[in-house]
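When you line the sequence shown up against our numbering, it's residues 5 to 302, in that order.
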Amino acid sequence: MADRTKKDLAPEVREFLSTRRARLTPQQAGLPVYGGKRRVAGLRREEVALLAGMSVDYYVRLERGNLSGASDSVLEALAHALQLDEAERTHLYDLARAAAPSGRRPTATASRVRPTILRLLDSMADVPAYVRNAHFDILAANTLGRAMYAPIYDSPLFAQRGPVNSARFMFLDPASREFWADWDKGADDAVAFLRTETGRAPHDKALTDLVGELTTRSDDFARRWARHDVKFHRSGVKNLHHPLVGDLALPYEAMDLPSDPGLRLNFYTPEPDSREQEALGLLASWAGTGTVVPSRND
Numbered sequence: 005m006a007d008r009t010k011k012d013l014a015p016e017v018r019e020f021l022s023t024r025r026a027r028l029t030p031q032q033a034g035l036p037v038y039g040g041k042r043r044v045a046g047l048r049r050e051e052v053a054l055l056a057g058m059s060v061d062y063y064v065r066l067e068r069g070n071l072s073g074a075s076d077s078v079l080e081a082l083a084h085a086l087q088l089d090e091a092e093r094t095h096l097y098d099l100a101r102a103a104a105p106s107g108r109r110p111t112a113t114a115s116r117v118r119p120t121i122l123r124l125l126d127s128m129a130d131v132p133a134y135v136r137n138a139h140f141d142i143l144a145a146n147t148l149g150r151a152m153y154a155p156i157y158d159s160p161l162f163a164q165r166g167p168v169n170s171a172r173f174m175f176l177d178p179a180s181r182e183f184w185a186d187w188d189k190g191a192d193d194a195v196a197f198l199r200t201e202t203g204r205a206p207h208d209k210a211l212t213d214l215v216g217e218l219t220t221r222s223d224d225f226a227r228r229w230a231r232h233d234v235k236f237h238r239s240g241v242k243n244l245h246h247p248l249v250g251d252l253a254l255p256y257e258a259m260d261l262p263s264d265p266g267l268r269l270n271f272y273t274p275e276p277d278s279r280e281q282e283a284l285g286l287l288a289s290w291a292g293t294g295t296v297v298p299s300r301n302d
């Protein structure tokens, strides 16, 4: 099992490290640049080894995908040399742990939303809120959340299959380009979030199946997947174009649910007295009052 795990992860490790190396120039790394044409746009392997304080042979071994046995100090030196951000550093550690002889497998992702969380969603009547898993399946939403995401719920993609999945909608339904006002940024972020999850849970079959489906069916997804970018999904501003209330720029927060591995609570909080707050009020009036709307497969 350990040998198979290392073999499966080797291409992921190799591409991640080589793409991080390629984006960093000697000037950015504080290295002197001498005359002559360089054959690579970014750092050479020997330059990364120098910056990380390790032998070239050892770095080449790491970049070929063999992170098994790499100590935390080695990983930290590598992260520093490649100037990895927090998400990239965590991804590197995740890959190393997955390649360890123990064959690390994370706790299985929860598949149901507990009644207490459903009641919490229902109590958040003034803000759109929903719970999703690491595969971008929307497992439950409050009334306003479902109303805001009506274009996703109404997508023909999910007429014969469930649950509603925002990643599938983004890359497989042309209507997503109208719903997400900044489609390119949303697409970049979605792929980076999925890449982060595959590092954390490389044995998650549903996740790898989703990635395989999107890679084969969407050139936009495949091109972004090849970048090996990773990102945390914590907070930001979502720009949407709702068919009923128009353009919305909504600050959001995403919170992991510690008692429900893999599940995340997402909610949108408009600025007080903003156009967005007024628009959500109109949307709430349109949707009416009601209880939490679970996904169709519940």
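Where a beta carbon is used, it is the ideal one built from N, C-alpha and C, also for glycine.
DSSP places Asp76 within a helical segment (H, G or I) once states are collapsed to three.
DSSP assignment within the segment 9-71 yields the following whole alpha helix (DSSP H) runs of 4 residues or more, N-terminal first: 30-33, 49-56, 60-67. Rounded to the nearest angstrom, the gap between the Cα atoms of Phe162 and Val131 is 25 Å.
In the DSSP annotation of this structure, the continuous segment of the alpha helix (DSSP H) that includes Val215 starts and ends at 209-221. The three-state secondary structure of Pro274, taken from DSSP, is coil. With 16 or more other Cβ atoms inside 10 Å of its own Cβ, Leu71 counts as buried. In this model, Tyr63 and Ala26 are separated by some 15 Å (Cα to Cα).
In the DSSP assignment, Leu143 falls within the beta strand (DSSP E) that extends over 142-145.
Across the structure, Ala253 and Ser180 are spaced so that their CA atoms are roughly 16 Å apart.
CA-to-CA, the gap between Lys235 and Phe225 works out to about 16 Å. In the DSSP assignment, Met259 falls within the unbroken beta strand (DSSP E) covering 250-260. Under the three-state reduction of DSSP, Tyr134 is assigned to strand. Checking the DSSP bridge columns, you'll see Lys189 has no partner listed. For the pair Phe173 and His139, the Cα-to-Cα distance works out to about 12 Å.
8 Å or more divides the Cβ of Asp264 from the Cβ of Ala185. Per DSSP, reduced to three states, the secondary structure at Gly166 is coil, with no helix or strand assignment.
Contact annotation: the segment 215-222 does not touch the segment 143-156, with fewer than three C-beta pairs closer than 8 Å. Ser170 counts as buried, since at least 16 other C-beta atoms from the protein chains shown sit within 10 angstroms of its C-beta.
The beta carbon of Val60 sits closer than 8 Å to the beta carbons of Arg49, Glu50, Ala53 from its chain, once the five residues preceding and following it are set aside; these are given in chain order. One thing to note: Leu244 has its Cβ no nearer than 8 Å to the Cβ of Ala151.
Cα atoms of Pro15 and Arg101: separation of roughly 15 Å, rounded to the nearest angstrom. Taking a C-beta distance under 8 Å as the contact criterion, Leu13 and Leu96 do not qualify as a contact pair. For Gly285, the enclosing alpha helix (DSSP H) begins and ends at 279-291.
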